[in-house]
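The structure appears right after this line, and notes come after that.
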Amino acid sequence: MGSVAFINRKEEMQVFHDILRDLSSRERLLRTPIIDLYGIAGIGKSQLLLEMMQECEKKNVACMKREIDKSWQVEGLITDVGAVSATYRPQALLLEESPGTLQFLIERTKTFLEQESLVILLDSIDLAGERQLERLEYVLGELLLYNNLVVILTSTRDLSFTQNRAVARKLRIMPVRPFTRTSTEEYLASSGYTLTSALADTVFRWTRGYPLALQVMLQAMTEQHLEPTNQHQRKALIEYIVERVINQRILMGIKGEDVQWFQTILRLLSVPRRFNLVILQRLIERFAPEARLASSLAYMTLPKRIIQATGGLRWDLKKAGFAMDDSLRNLLLLQLRFTNIRRYHAIHRYLAELNHAHAEEVSGSDRTRYQQEYLYHLANSGHHQSMPSLLEDTILNVVQDAQSQPERLIQFREDIQFDDELQEALGIHLARVLHLLGHESSAEE
Amino acid sequence: MEDLQIEQEFIGHQRELEIFTQWLLATDPQRAWILFFSDALEKPEQKGGVGKTWLLRKCAALTRSLRTDMVIVALDFFRVVDRNSITIAQSIAQSVQLAYPQWPATAFLRLLAEYREATQGHKDMPNSEERLHDALVADLEELDHLLQQDGRRVLFFFDTFEVIEHHPLIAIAGTGATRTFPARYGLKNIGAVIAGRNPPDWSHQNWNGREAEVLHVPVEPFKMAEMVQFFEHNCTVLSSQEVTPAQLERVHERTQGRPILVGLVVDVLNHHIGTLDDLLTASAQGFEEHLVTQINRLEHPVNWVVLFMAHIYHRFDMTILRWIFQHSIDIKDLLQDVDMDELERKLLGLSFVRVSGHADTLALHDEMRRLVNLYNWKALEQPTESFRHELSRVILGYYEKELAAAAGEQVRQAYIVEMLYHKLFMRSSESFAFFSQHFARAIGLWQSAFARALLEEVRRSGRALFAEHQDDLLLAEASLLWREENSAQAIALYIRLEEQAEGNWLAGKRAKILFEKATCYVDLSQFPEAIEAMNESMAVAQTHNDRNHVARVLGWLGSIYKGLGELERAREYCESSIALYREVKNERGYADILTALSAIYRLQGRLEESLRRCTVAWRIRQDLYAKGFGSEIGVGLSLSAMGATYIKLGDMAGAQQVFQEAHEIYVRNNYQQGIAESYNRFGYIAMTAHDYEKALMWFRRAYHLALERNAGAEINSLNKMGWTFVLQGQYSEAISPLKRAIERAREVHDDYQQAESLIDLAYAYAALNRPDTALPLLDQAEGITEKYTYNFLWGLVDVQRGEIELARHQNSNAFRHFADSCYHMAVYNPVEYEKAIREVVSRLLALQRSEVRALLHDLLAYWATLPLDEKTMADLSAALEEVSQLLAL
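Protein sequences, first through last, are from chains V and D.
The working numbering numbers the first residue of the first sequence as 215 and each following residue consecutively.
The working numbering numbers the first residue of the second sequence as 175 and each following residue consecutively.
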């Protein structure tokens, strides 16, 4: 694989360019000099920091970058500031007293900031732990008065500073997202891969623009000669990707028996598009009984555990439930489908039943949501022969339900039209579904 | 400290504060003494979260700075323990003692200690709430003097009134239909500020006709400028300059300026959960849900703790949180590496979490609790409620532990109510049994506020109950309404049960329903209905061979007929009741009916029999008290009954002695109602001894003690004061107390005493030679006596009419009235009948002999038309014949 161009980060870099511009101007105030770039491992955060560092070098702005790990302490910045000072202000008088303390760090940095602007890049700050984050917040609170300090942080989950209002106000949170379809194509082109349009499409569908997955997949295709379109090779290919992306990277910090536990749970949770605590509990009890917990309440601990370990789970407001990170979920779902289709169908069937039952018990928009998920899982449940009649019954139920509230039917129809994944799952049945819902759009044509 | 926080953080509500300040500083004695804040928004789902609690705190802070002379008492009905008259009384005593350390509250504190001891030992302490209230009022009388001396006032702040708005009397002790919330506790310098979601309901009996007492102030949500100010003050990540006017307008429109939602918007922004644009993507209809579910995205474990607080809302602190984590399998992980102090700080950093009341517990804003349960829990555990069930299970363990060591009856009651909430939530099969057990105990101990709190918790739970539980609940409410002196509503519920309850259930409860309905009719003086229901109840109990119940009903029928003056029938019922109680060896019931029977014998003139019965009852009650099965007050009541008989026997020394013993018991038990009655008895003895000065002194003391606490004794003392003046020939002086007695009797619907005072007043006017004023009073009195067949009083009306006719020289008319009087007394009891005959004879003998012959003929002819039995008829006829012979006519 050749060198890869820096792709798809215009928004983030524009923000950074604006900051550098403001830094160079004494008249402009830095509105949000602290930025937290967050996203799952391999999404491109470190790459962004590298790019920012290069920008600083180009613009001759003092910059220091530090990879954070669990042993990192804020005082470690003293050495970094010292090194930057040595480079940019060798004549600056450095304080000698109380070396190694936070106050020393603050004073040393202040001395530097009185002369120069400074950009600090801290990668994987969330590994540092709460205590160090609080201390960092304190240091930043002391330094931000200078208006020529910029701090860029990366993390797998969004940060918040709660000790110091001034610091909290200066923090901006920016999610780092996967590549779009277009950016993926740009990436492929810049990496020197020549793929047919169909193959590029497959690569995107597999990776959903997740840079690390893209990189690993292309590597496997070139070095291992594994083709996604080859029925016999795709299983090995997905195993290869999951091993490198999930097991070696996302679960990098997990040790011992926990690795298998996380693999099992993540794979299981990749099947539902949304879930709440009840679905989480039932799924585990049914399909991973070895991981079942002693009481209902205990399942409350799982989201925190998964989020802390992987950053790959969050409460999704639009879905009104927990949802796995799209990119991770897609890889794990493919793995399950290619390696154990019976289990894949069984879990979907179970989720279809569960959503169907839940839909019967609730009303309003909750009911519509469960019906939509029921449809999705039904379409993936392997009922190929009976699918038309099952879908027909389902849709007729939905239509009947909506008789007193026609707006619900309109909403349901619109939801399906914007739900690419459901459309893909319905495949040839989509047209029939939309027809039954009274839709005579281009989809039917 | 709190005042400083309020000073720094309070925003908006300037109009409401101006109104409060004017009200606070006003000196007009006619101004409303209650200021009532309620939500200006009218839709129920938009009420709450408008900032009333903060407003109330701000008002309290303003009071502390503007009126240092005010003694502040703050209570929040959000806390179960505060929904109780005894807790309120305690808070008053504590707050006042802070301001007046020299005020000892001796009677109250002593009784409170006794009450605690009694409840801890599960001993019977009847009328405990009323007695504590009376003791407090007695102590406050002393305070009132101090307050007036220093020109100071007491100001109450009551928050979350909506929780008790349907039954506000649970927050007041005492008795009498005229009780209203807030109570004045006999204080002249008093004010109250109430905050509730809904405005006062003027049709509710608590507020009916009280518009002049209340200044109602609707509390508006934030206006745009206030919302911007709130943003500026609280939003740490955005200043208002960084938000476009269009965005602010949309936030204002979506939140409707409700501070609870505006605060949550700011929380979401401060915690970087979402941006303003993210929030505003939701439709106007879905905005609230969209906003509130953002709480699920707060950092761990803050998000879970907020959810826990929404479910375990009655009380919440870090100890409880630790308990949950330690006693729930596998959720310790949620707290791994969490510094509890830091967690508490983060929770309090949220706009909707506050420190609640004086117990320093954390509380979720009440409206946010509703919203989190509605949206967040639903999203997490739909369609089950299994996670909250598990939480309830865990927290019940905590309550059981705490209950075992609970200090104080109020705390114990609060724990039980809170446990009931969790049992109901879990749909636990034993939840209703738990309710029934504690409700029955509360009813038995006359802890009406506690019983009401339990009942309301069941109602609020909204859980679908089995049909038979619905009926049980209605029956429980009816019993409670009777104890709350709301007999009319109680009767409506009993009738509903008779019409709608499930057949088998009704068959098992019919005797009880009919009996309780009958007691309500008695309270309303609807005696025919009461007798009918009692008889039906007895018939049902007989088919079930429930002899205790039959005995009880027979006793009640005896009391009803005694009230109606049908003494022989009353005696028969009581004798039957006694016989049955003896059979079933129910000593308490036996003693009660013996006492009642002694009163009947007394009225019948069978005084020795009367005395024997009440003496035996007294001995039994003494034994029961010694064994802890009865109260000492019962012993005092038997002594009082003995005293009444001694008076009839003319043994004033004996009467004085037993009244004195009864009085000492009442004082020992701080039974104010009894003490006031004793004073009236002492006054009566003095009056019969013609020691009018002393009599007036006792009646005055009785009056002051009974004032606004015991309307019956209050009216009696006024009546006797008036009659003492009459006996001294000071008719003009008699008019005022008698008029006040009539007025007060009208207020509390005490028809008997009203009629009695009307007759006495008519007597005074007649003596002042003002028959035209006297006669309409007698018409009024006769209307009452006829309606309720108060034969004794009816007889007195006729005596008065006769006297007026005599004064007008209309002798024929006069003696017809005297004959009518004899008739009513004959129906009433033989003693009074004999007395009436004596009086007729003496009046005849006072006339010219020439007049008597014609009158005698006329009288005998009229007498023969009256519907009396032959023997009774013969008594007067014989007396008249004798007069005729003696005068040799």
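Cβ coordinates follow ideal geometry from the N, Cα and C atoms, glycine included.
Proximity winner among the options, relative to residue i (alpha-carbon distances)
i	options	result
D:Ser602	D:Arg634, D:Glu564 and D:Tyr572	D:Glu564
D:Tyr853	D:Tyr820, D:Ser891, D:Val832 and D:Ala885	D:Ser891
D:Arg914	D:Gly903, D:Gln928, D:Leu901 and D:Glu672	D:Gln928
D:Ala850	D:Tyr877, D:Gly824 and D:Asn843	D:Tyr877
D:Ala955	D:Ile933, D:Gly969, D:Thr963 and D:Ala948	D:Ile933
V:Tyr588	V:Ile455, V:Glu441, V:Pro517 and V:Ala639	V:Ala639
V:Ile320	V:Tyr302, V:Val298, V:Glu289 and V:Glu344	V:Glu289
V:Arg488	V:Gln433, V:Ser397 and V:Leu531	V:Leu531
D:Thr280	D:Glu316, D:Tyr735 and D:Lys961	D:Glu316
D:Thr717	D:Glu746, D:Leu741, D:Ser699 and D:Arg684	D:Arg684
Under 8 Å by beta carbon: chain D residues contacting residue i
i	result
V:His572	Gln556 and Pro557
V:Asp213	Residue 213 of chain V is absent from the model: chain V starts at 215 and stops at 659.
V:Ser338	Under the 8 Å cutoff, chain D gives no residues; its nearest Cβ is about 18 Å from V:Ser338.
V:Gly641	Chain D residues near V:Gly641: none, gap ~29 Å exceeds 8 Å.
V:Leu385	Val411 and His446
Buried versus exposed call for residue i [16 or more other C-beta atoms within 10 Å across all chains shown]
i	result
V:Glu311	Because the pLDDT of V:Glu311 is 48, which lies under 50, any placement of that residue in the model is unreliable, and the question is left without a value.
V:Leu209	Any property of residue 209 of chain V remains undetermined from this structure, which presents chain V solely from 215 to 659.
V:Ala300	exposed
V:Ser655	With a pLDDT of 39 at V:Ser655, under the threshold of 50, the predicted position of this residue should be treated as unreliable, though the coordinate-derived value follows. The residue is exposed, with fewer than 16 neighbouring Cβ atoms inside 10 Å.
V:His643	buried
V:Asp250	buried
D:Glu1055	exposed
V:Thr515	buried
V:Pro389	exposed
V:Met215	In this predicted model, V:Met215 has a pLDDT of only 40, less than 50, meaning its place in the structure is not dependable; the value taken from the coordinates is given anyway. That one is exposed.
D:Phe335	buried
D:Thr349	A caution first: D:Thr349 carries a pLDDT of 49, below 50, which makes its placement in the model too unreliable to give a value.
D:Ala800	exposed
V:Thr293	exposed
D:Phe689	buried
V:Phe632	exposed
D:Phe526	buried
V:Thr443	exposed
Interface residues of chain D facing residue i [CB-CB closer than 7 Å]
i	result
V:Trp286	The contacting residues do not exist; V:Trp286 stays about 17 Å from chain D at best.
V:Glu575	Pro557
V:Ser369	Simply none; closest approach about 11 Å.
V:Trp529	Asn470 and Arg471
Test: residue i CB closer than 8 Å to a CB of chain A
i	result
V:Asn554	Of the protein chains in this structure, namely V and D, none is chain A.
Residue i: contacting residues in chain V (beta-carbon distance under 8 Å)
i	result
D:Ser502	Ser509, Leu511 and Ala512
>> Does the structure place the stretch 593-603 of chain V close enough to the stretch 487-507 of chain V that three or more beta carbon pairs sit under 8 Å?
In response: Touching, no.
>> Give the list of continuous alpha helix (DSSP H) stretches no shorter than 4 residues that lie fully inside the stretch 395-455 of chain V.
In response: Fully enclosed alpha helix (DSSP H) runs of 4 or longer: 395-404, 411-421 and 425-433.
> Counting pairs of beta carbons, one from the stretch 759-770 of chain D and one from the stretch 979-998 of chain D, are three or more of them closer than 8 Å?
Replying inline: The stretch 759-770 of chain D, when compared against the stretch 979-998 of chain D, does not touch it at the 8 Å Cβ threshold.
> At a cut of 8 Å, does the stretch 713-731 of chain D reach the stretch 747-759 of chain D through at least three beta carbon pairs?
Replying inline: Result yes; three or more Cβ-Cβ pairs closer than 8 Å.
>> Extract the residue ranges of the beta strand (DSSP E) inside the stretch 215-256 of chain D, only unbroken runs of 3 or more that lie entirely within it.
In response: Runs of the beta strand (DSSP E) spanning 3 or more residues and lying entirely within the stretch 215-256 of chain D occur at 244-250, in chain order.
> Counting Cβ pairs closer than 8 Å, one from the stretch 543-551 of chain V and one from the stretch 419-434 of chain V, do we hit at least three?
Replying inline: In this structure the stretch 543-551 of chain V lies against the stretch 419-434 of chain V, because at least three pairs of beta carbons, one per stretch, are closer than 8 Å.
> Taking only runs of the alpha helix (DSSP H) that begin and end inside the stretch 256-286 of chain D, which ones reach a length of at least 4 residues, in chain order?
Replying inline: Scanning the stretch 256-286 of chain D from its first residue to its last, the whole alpha helix (DSSP H) runs of 4-plus residues come out as 259-273.
> Are there three or more Cβ pairs, one per stretch, closer than 8 Å when the stretch 360-368 of chain V is compared with the stretch 325-337 of chain V?
Replying inline: Contact between the stretch 360-368 of chain V and the stretch 325-337 of chain V is present, because at least three Cβ pairs lie under 8 Å.
> Touching or not, the stretch 234-244 of chain V and the stretch 371-378 of chain V, by the rule of three or more beta carbon pairs under 8 Å?
Replying inline: Segments in contact, no.
>> In chain order, what are the residue ranges of uninterrupted alpha helix (DSSP H) at least 4 long that sit wholly in the stretch 647-707 of chain D?
In response: If we require 4 residues or more, the alpha helix (DSSP H) runs fully inside the stretch 647-707 of chain D come out as 661-674 and 677-697.
>> Between the stretch 589-598 of chain V and the stretch 558-570 of chain V, can you find at least three pairs of beta-carbon atoms closer than 8 Å?
In response: Segment contact: the stretch 558-570 of chain V against the stretch 589-598 of chain V, three or more CB-CB distances shorter than 8 Å; contact assigned.
> Would the stretch 463-474 of chain V and the stretch 508-526 of chain V be scored as touching if the rule is three or more Cβ pairs under 8 Å?
Replying inline: The stretch 463-474 of chain V, when compared against the stretch 508-526 of chain V, does touch it at the 8 Å Cβ threshold.
> At what residue ranges does the stretch 380-466 of chain D contain a whole run of the beta strand (DSSP E), taking only runs of 3 or more?
Replying inline: DSSP runs (the beta strand (DSSP E)) wholly in the stretch 380-466 of chain D: 388-393.
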